[in-house]
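Beneath this line is the structure, given in structure tokens, with notes to follow.
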Amino acid sequence: MKTAAICLILCLTIFSCEEKQVTITNPPASGFNLEGSDAKAIEIADAVMLASGGRAAWDSTEYLQWRFFGNRLHTWNKKSGDLIIESEKDSLLINMNLESMTGSVKVKGEVVDDVAAQKDFLKRGKEFWINDSYWIFLPYKLKDSGVTLKYIGKGETTSGEEAEKVQLTFEGVGVTPENKYVVYVDPNTNLVSQWDFYTNFEDEEPRFSTPWTDYKTYEGLKLSSSRGDGRGMQDIAVGQELASKFK
Numbered sequence: 001m002k003t004a005a006i007c008l009i010l011c012l013t014i015f016s017c018e019e020k021q022v023t024i025t026n027p028p029a030s031g032f033n034l035e036g037s038d039a040k041a042i043e044i045a046d047a048v049m050l051a052s053g054g055r056a057a058w059d060s061t062e063y064l065q066w067r068f069f070g071n072r073l074h075t076w077n078k079k080s081g082d083l084i085i086e087s088e089k090d091s092l093l094i095n096m097n098l099e100s101m102t103g104s105v106k107v108k109g110e111v112v113d114d115v116a117a118q119k120d121f122l123k124r125g126k127e128f129w130i131n132d133s134y135w136i137f138l139p140y141k142l143k144d145s146g147v148t149l150k151y152i153g154k155g156e157t158t159s160g161e162e163a164e165k166v167q168l169t170f171e172g173v174g175v176t177p178e179n180k181y182v183v184y185v186d187p188n189t190n191l192v193s194q195w196d197f198y199t200n201f202e203d204e205e206p207r208f209s210t211p212w213t214d215y216k217t218y219e220g221l222k223l224s225s226s227r228g229d230g231r232g233m234q235d236i237a238v239g240q241e242l243a244s245k246f247k
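Sequential numbering of the sequence shown, starting at 1, is according to the working numbering.
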């Protein structure tokens, strides 16, 4: 009996230790509305992260580059917060840090020395980055600070593809926290296949819907470049070769 009891205690101890060793592979950001989000939506968000390359790949990525809709070229050091925005259309060059909100600005090749004007350009630069980065990195930001996720059921994309639909609303974050998104996730690939944008979370109809297609893998990250009708992201690059732009 003693031997059996000891074996039982050992088994329970080992099982308990194994339980404690389980780790969350996609922990939410501080400020994510965990209590207000439902389990199904969180499960889908975690599946999207994994299909898009995984949390480890996203966290370890340092340098990213993309051109937003043929205009603004962003080169971003995700770890330091350093950012370069180049816009040929606006003859604008912004070199800044997203945390300290310091940096330099050139317009038509001329340095902007006026303090107030420079501050305004840096503010616009961060707003550009907030908007433009969401259009490409949304799959990695589903559990960001201020986000509430709700599963709203199965549906179809505008092209007739089956999808799981997850609603994102926001509180106290971003430039326009009153916005709402509905993200469509392909149940076969767990990749985002479409999103619907609502100007206000109370709106019943979206302002627009765009597909997420043309996925390619860049240094472990699976990124979508097309948003339909020939629009989207160009000059996508990920990796250490971008470091030289910050020197």
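Virtual Cβ for every residue (Gly too), placed ideally from N, Cα, C.
All figures in this text were calculated on a predicted structure; none of them were measured in a lab.
Within a 10 Å sphere around the beta-carbon of residue 52 sit 16 or more other beta-carbons, which makes this residue buried.
Taking every protein chain shown into account, the CB of residue 111 has fewer than 16 other CB atoms within 10 angstroms, so this residue is exposed.
Annotation: the region 40-123 contains the following complete segments of the beta strand (DSSP E) (minimum length 3 residues), in chain order: 63-68, 72-77, 82-87, 92-97 and 103-107. The beta carbons of residue 173 and residue 146 sit closer together than 8 Å. Here residue 139 is buried. Its C-beta has 16 or more other C-beta atoms within 10 Å. Across the set 214, 238, 245 and 222, the C-alpha of 214 shows the shortest separation from the C-alpha of residue 232. Beta-bridge partners of residue 163 (DSSP): 155. Take residue 190, set aside five residues on each side of it, and the residues of its chain with a beta-carbon closer than 6 Å to its own are 47, 48 and 51, in chain order. Short of 6 Å from the beta carbon of residue 67, and not among the five residues preceding or following it, lie these beta carbons of its own chain, in chain order: 73, 234 and 235. The three-state reading of DSSP puts residue 125 in helix, counting H, G and I together.
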